[in-house]
Each structure stands twice: as C-alpha cells, then as structure tokens.
Amino acid sequence: MENFVVSARKYRPATFDTVVGQSHITTTLKNAIKSNQLAQAFLFCGPRGVGKTTCARILAKTINCLTPTDDFEACGTCESCVSFQKQGSMNVYELDAASSNSVDDIRNLVDQVRYPPQTGKRKVYIIDEVHMLSNAAFNAFLKTLEEPPEYVIFILATTEKHKIIPTILSRCQIFDFKRIEVRDMSGHLANIAQKEDIEAEQDALDLIAQKADGGLRDALSLFDLITTFSADRKITYQSVVKNLHILDHDYYFKITDALLAQDTPLALLYFDEILRKGFDGHIFISGLGAHLRNVMMCKDPSTVKLLETSEKVKQRFAEQAQTASASFLLSALNLASECDLHYKSSKNPRFYVELTLMKMANLAQVIKWAENPVAVPAPQAAPEKKKSEPQPSVSQNNAPPTEEVPTQMIQGAKLERVEKENPKTPILPKVNVNGQVAAGNGAAQSINKPFTKQDVQSALNEFKTVLRNFPQDRDKARKASEYLLGGKVEVKEDFTVEFTFDDEAKTELIDFYREKIERNLRNRLENQTLRLAVLYEYVEKKKKYYTPYEQFQYLKEKHQQLNDLSDRFGLEVDL
Ligand SMILES: [Zn+2]
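Using the working numbering, the first residue of the sequence shown is number 552, and each one after it goes up by one.
Dropping the structure here:
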C-alpha cells in the first residue's frame, strides 16, 4: 500500500507562480530578484496557512538556483534545487520560534550566520512565529538583524504582527499575506481533485473553502478528511455538509422565504429543526446574517462580485433578492446583527433567536405601514378570535350528508365571522419625518388596490405551485393545491373573496390553509383589506326526494307560481 501523503505537503507549491492567491507578494518578490534589489530582512505577516513559509522556502530556493528560468523561477533540476527538494540544503535554516524561543536557540542561529555558504549564493534563515521569541532572545537577535552579512537573508514570519516590537518592524521589508479567496482556493482544490482522480462537486469545494476561512492548509486537510470518508472517491455537497457538520445553506434560503412570506410558524419550525440537528443557535443567527448580507449584495449588480460562492448559488441569491425589498433586508440584517451581538449575554438564547425571527417575519408588514401610514388593515392576530366563537357547522365531519341545512344559513354564519374580522379600517393620522402630525388626514386615500375575479384566479394559479411544494405536511399540502382551483370564486365589494366548494372534505382542507392563502392574495393583489372566506355550499341536486310530500315541497320551492297557486286556492296535495 502506498504511503498517504497529506495534500498540503504533496501539493505544496514549488514555484512563485503556483502559490495560490498571493500574487501581489510573489510578483514583488520576483521583481526584486530580477532587479537584484532583494532586501536582507523580510517580515511575512498574515493568518495561518496562507503560504508564508511556502513563499519563504520558494524565495530561498529561487535565489540559490544555479540555472533560473527566464521568468526568474527556480529550475527545479539543478543541484541546488534538488537538494532543496530533498530538504537537504545547507543554505536554508528554519527555526520555529514557537518551540525554540530561548536565548540559546537564537545564539546558535547567530553563530551559524557567521559562516558563508559552502555552495550557492545565499543563506536564508526562516524564523516562524517570530512573535513567540522571548524578550532576551529578541535582544540577542537584534544586532545580527541590524547588520547581517551580505550573503544572509532573514525571513521572519508571524500571524500576529502587532506583537512584533517596532525595532524589528523598522528593519524589515513587510509583506502582508491576505486570506485566500474562496474562488482561488476552490479552484486549487478542483485542480488537486482532478490530479487525484476524485470526482468533486463545485459547491462542495466552495463549501470546504468557505469553512477553511482563508487558510489553504486548513482547506487541504478538510479536503483530505472528506476524501477519507468517501468510499467511492466522490466529494458531494451533501457529504461535506454531513462530515464537517455544516449548516446547509438551503435552510437559510428556506427561512428567508418564510420570513418574506410573513410565515412566522414555518420559520420557527425550521429553526427548531436546525437545533434538533445539533447546531448552535449562535451559529445559526450569524449564518442567517451572512445569508441576508449576500442577498443584499445581489440587490445591485455592482456588488454581486462580493459574493464568494459558485455561479449556481449566486443565481439563487439573485432570485431571492428579487423577492426581497432593500428595506426588508436592511432591517432584517439589523435584527440579525443585534441578536448575534447579544446572544451570549441572553438568559434564554433560544427564545432570543425566536423573537428575532418573529420580528423579521413581521417586517414586511411594518414596512408597508411605514411606507403608507394611511390605511392600516385589521391586525394579523384578528383571526385568533374564531377559537372562542361558536364554530359554524361548515367544515365538520359529523354533519350527516343528507341533513337539510339551508345554504343561506351556512353562508350567513361564515360571512358573519368574516364581518367581525373586518372592522372598519382605522385611519391613522399622517406622520411626517419629525413626528409631527400632518393636517388634513381625512383626505387620505386608501392604498388598497381593487382587483377582479380573474386577478384572484391567476394569483391562485401561482400560489398553487407554492402550496404543492410546501415543506410541512407534504401530502396534505399537495392535495390542497389540487383542490385550490376547484372552488367557485366570487369577489364582493368589500374585498371579501369567497371560495365556495360543494364538498365538505375539500372545504375543510382549503379552510386549513385559509390564512396562508389570504396572506398570499393580499400581497399578490396589493390589498391588505382582502378577506378570504372558505364556504361550503350544500348542493341540493344530490338530495333524493323519496316521498310525494318531499317532492311537492321541492317543486313548490322551485316554482313560485305553484306556491302562489296552492296558497290562493288552499290546495292540499293528496298524499
Ligand atoms: Zn535550480
């Protein structure tokens, strides 16, 4: 069995050109070599795993190469390069200040500096994590750093630049390594995957790159980890989500959709699902903030490039941005960041996140009111009242199908409830920016648009798809979506929309989704006073008339003349 070499070592770049995502540094170094103006002391700063040590080694190798290429890269074949590659070169000396930070370690190094290189041109001393050197060690080193022999180059590397004392900083040429961008990193991973004959989804590599947070070494170890887990040499998005215990970005899309649809219960259910999968509420809320930020970036074409995701995911963000207003996103971002900030100090963090979600779900409504402080529809909570009211016998299963209930009575009962829910629209005074109440608010116009039966039907047609793909109670929702267009639609003058079904089960099912349908119609038709009533119409033709008396009564109802006739002449039917 061949030895497993970790990817970070196996694919460590050997030339400046193959260093990932630090072209601003490699170009400068190459130019310095070309013009022979190399400084004698460098300070490489930057986060872990972004290529500081790698660049230092490449620099050492390149300046010692006997036959550099025209492009001033190391040839990789000469005696010096080969000894570098075998890590046997005497011209590079590495000190890890994290483990060897005593005065003796530095004295040892300073002693070596005195001897010129046996072969090659320059001796390169790399001191990693230089901020870990003790004060005494620093002082022992300063003199040498100030006046190094001309054949010596010092490369100091640190992750914490602020801990480096000014006397050192002023003697070094400073290079700031940046965190490697996701697309550079996933491109590099894709390259390795290809070489290793591993089938990898682009989204999966992007996710690894995001998780590595700018550090290529971390990305490569994650990559190795996932490869080890996957038996069939395939890296899928789902396998990364599972193995790295990452919160699937699908959740953020779905929750944002729910928030936009003002569907508080759905958003809370998703959050519960996330918690039950073992994710931390804090991770969720900061992730939601990042998601909303990405959606916001998609509101303007010029900021789309700030998204560090694949084209496919970018497309999804762009689609969501179409449905979300900038005001909504800004307010939601605000809420998310506030929650993120105070999460740790909250006594009941779960409730805190839930409260934030509830606020977010109400944003669309609040913004609408703020934009049009004129007509305020009845509060959303109004339908709650129906629980305390006697339920009309409309959608109850225990009603025997042949029971004779006049249609008018059923409609009356339902309509009455609708009327109660729809009190006279209160008119709020107009308030200007300074909070002063403007005069003449009586002349305010309602912003609620009128609509026709056709508008309702086309809105229903669209909502049908939404309902069919509803995540909760899938079978039920799918069934409801099939019935949705099966009812009779009528639009009343007071913007009440009546759905009438001639089947009890259908009525009950649609009534279950009544609030959701109503909310959708309100938003879609831009009319916040719209009310939806789901009615059951008892269809008489289904009834059988058995006795002659029943038959006569039926005929009397149907034909007014017969009624008049029997009344006027006092006719009796001989039964
Ligand atoms: Zn060479």
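Note that beta-carbon positions come from the ideal geometry of N, C-alpha and C, so glycine has one too.
Drop a sphere of 10 angstroms on the beta-carbon of residue 624, count the other beta-carbons inside from all chains shown, and report buried for 16 or more, exposed for fewer.
-> buried
Residue 802: first and last residue of the uninterrupted beta strand (DSSP E) it sits in | Residue 802: not part of any beta strand (DSSP E); member of the alpha helix (DSSP H) spanning 800-811, first to last residue.
To the nearest angstrom, how far is it from the Cα of residue 1079 to the Cα of residue 1067?
-> Cα to Cα, residue 1079 sits roughly 13 angstroms from residue 1067.
What whole-angstrom Cβ distance do residue 732 and residue 572 have, given they're in contact under 8 angstroms?
-> 6 angstroms
Around the C-beta of residue 892, are 16 or more other C-beta atoms found within 10 angstroms, so that it is buried, or is it exposed?
-> exposed
Is residue 1133 helix, strand or coil by DSSP?
-> Any answer about residue 1133 is impossible in this case: the structure gives the chain only from 552 up to 1126.
Ordered along the chain, which non-local residues of its own chain (more than five positions away) have a Cβ less than 6 angstroms from that of residue 1077?
-> 1000
Pick helix, strand or coil for residue 605, following the three-state DSSP scheme.
-> helix
Selected residue, minimal CA-CA separation from residue 906, among 923, 920, 883 = 883
When the Cα atoms are used, what is the spatial distance from residue 1021 to residue 913?
-> 20 angstroms
In or out: residue 680 buried (at least 16 other Cβ within 10 Å) or exposed?
-> buried
In three-state DSSP terms, what is residue 1114?
-> helix
So, is residue 921 buried or exposed, given that buried needs 16 or more other C-beta atoms within 10 angstroms?
-> exposed
Please work out which residues of its chain come closer than 6 angstroms, Cβ to Cβ, to residue 1015, disregarding the five sequence neighbours upstream and downstream, and give them in chain order.
-> 1032, 1035
What separation, rounded to the nearest whole angstrom, lies between the Cα atoms of residue 1024 and residue 1056?
-> 17 angstroms
For residue 1052, which beta-bridge partners are listed by DSSP?
-> 1087
Return helix, strand or coil for residue 750, following the three-state DSSP convention.
-> strand
Using alpha carbons as the reference points, say which of 684, 1046, 619 lies closest to residue 1073.
-> 1046
Opposite residue 1047 in the DSSP bridges: which residues?
-> 1082
Counting along the chain, where does the beta strand (DSSP E) carrying residue 675 start and finish?
-> Boundaries of the beta strand (DSSP E) harbouring residue 675: 674-679, taken from the DSSP string.
Length of the line joining the Cα atoms of residue 554 and residue 597 = 32 angstroms
Determine the closest residue to residue 702 out of 588, 664, 923, with distance taken between C-alpha atoms.
-> Here the closest residue by C-alpha is 664.
Distance, residue 1019 Cα to residue 499 Cα | No answer is possible for residue 499: it lies beyond the span of the chain, which begins at 552 and ends at 1126.
CA nearest to the CA of residue 1002, picked from 1027, 1070, 1103, 1081 = 1081
Below 7 angstroms from a heavy atom of ligand 1 - residues by beta-carbon | Spelled out in chain order, the answer is 616, 617, 618, 619, 625, 626, 627, 628, 629, 631, 632.
If you drop the 5 nearest sequence neighbours on each side, which residues of the same chain put their C-beta closer than 7 angstroms to that of residue 1115?
-> none
Quick one: is residue 994 buried, meaning 16 or more other Cβ sit within 10 Å of its Cβ, or exposed?
-> Here the model assigns residue 994 a pLDDT of 37, short of 50, so the residue's position is not dependable and the matter cannot be decided.
Tell me whether residue 831 sits in a helix, a strand or coil according to DSSP, three-state version.
-> coil
Closest by CA to residue 1158, which one among 1083, 1043, 1089, 1028?
-> Any property of residue 1158 remains undetermined from this structure, which presents the chain solely from 552 to 1126.
Closer than 6 angstroms by C-beta to residue 507: which residues in its own chain qualify, once you throw out the five before and the five after it? Chain order, please.
-> Nothing about residue 507 can be reported from this structure: the residues present for the chain run from 552 to 1126 only.
Residue closest to residue 876, alpha-carbon to alpha-carbon, out of 899, 861, 911 | 911
Determine the extent of the beta strand (DSSP E) in which residue 727 is found, giving its start and end residues.
-> 724-727
If we ignore side chains and look at the alpha-carbon of each, how far apart do residue 1097 and residue 1108 end up?
-> 16 angstroms
Could you pull the start and end residues of the alpha helix (DSSP H) that residue 656 belongs to?
-> Secondary structure note for residue 656: its alpha helix (DSSP H) is the uninterrupted segment 654-664.
Give the secondary structure of residue 562 by DSSP, where H, G and I count as helix, E and B as strand, and everything else as coil.
-> The answer is coil: DSSP assigns residue 562 none of H, G, I, E or B.
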